[in-house]
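Working notes, structure below.
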Amino acid sequence: MAEHGGKTDSVGRARRSRLYDYVDAHEPGRQGTADRVVRGRREFAVLLGAFRRTAVLVPLDPVTGSPLAADFGGVRWIYAFSDEGALARFAVARGEGAREWAFQRWLGARLLDGAVPAVGVPCGVALDCADGEDGMLFPPVREIVPDAVAVDVDGGTGDVR
193 MAEHGGKTDS VGRARRSRLY DYVDAHEPGR QGTADRVVRG RREFAVLLGA
243 FRRTAVLVPL DPVTGSPLAA DFGGVRWIYA FSDEGALARF AVARGEGARE
293 WAFQRWLGAR LLDGAVPAVG VPCGVALDCA DGEDGMLFPP VREIVPDAVA
343 VDVDGGTGDV R
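The opening position of the sequence shown corresponds to residue 193 in the working numbering, with each subsequent residue numbered one higher.
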């Protein structure tokens with residue numbers, strides 16, 4: 193087993209989440225430094241843990257009553273918001289600020305471990321997506337969603353790497 197309970201490949205090397213590659217590739221001037229990679233992993237783990245323990249607002253589709261979601265880049269993204277202000281900014285950005293928005297409060301863990309697998313297609317969670325760089329994506333990859341639906345695990349929904 194690798195760190196964080198991850199699996200190893202056929203020759204015993206730890207398989208890395210694609211999120212670690214994202215940390216490496218998006219830090220100009222710091223690419224490839226071991227300290228930065230370790231720090232990035234820890235920072236993301238802290239953010240993910242906080243999200244999993246936090247109740248977020250999940251707007252409901254006005255027609256179906258299911259969590260509001262959109263498809264982008266081959267992934268279905270369930271919308272979630274840290275507070276009513278973030279949901280209001282999203283509503284205004286969509287040009288729907290005047291209508292009433294029904295929502296439920298869900299723990300982030302319930303979204304990642306329950307709702308995402310129930311969707312049946314590659315699915316992640318978009319937190320505060322109208323807030324630009326202050327928003328956060330939790331993609332359908334191992335260590336974020338269950339392995340059975342992670343797209344970077346053999347047998348996961350989509351079977352891509």
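Cβ atoms here follow ideal geometry from the backbone N, Cα and C, with glycine treated the same way. Small disclaimer: the values here were computed from a predicted structure and weren't measured.
Minimum Cα-Cα distance from R334 among the listed residues A322, G316, E325 corresponds to G316.
A contact is defined here as three or more CB-CB pairs under 8 Å, and the stretch 283-303 meets this definition with respect to the stretch 251-258. Buried is the label assigned to L303, since at least 16 other Cβ atoms lie within 10 Å of its Cβ. Assigned with DSSP and collapsed to three states, L304 falls in helix. Taking I336 as reference, the option from T225, F236, G277 with the minimal CA-CA separation is F236. When the beta-carbon positions are compared, P314 and G266 come within less than 9 Å of each other.
Comparing alpha-carbon positions, the option among G312, F243, V255 lying closest to G327 turns out to be F243. The Cβ-Cβ distance between F264 and Y271 does not fall below 9 Å. For F330, same chain residues with a beta-carbon under 6 Å away, outside a window of 5 residues either side, are G316, V317, I336 in chain order. Listed in chain order, the non-local C-beta contacts of R268 below 6 Å within the same chain comprise A261, V311, V313, C315, local neighbours out to five positions each way being set aside.
Under the DSSP definition of a beta bridge, G316 partners with W269. Straight-line spacing of the CA atoms in G241 and T225 works out to 24 Å. Straight across, the Cα-Cα distance linking A340 with A301 is about 16 Å. Scanning A247, A278, R245, D344 for the CA closest to the CA of G324 turns up A278.
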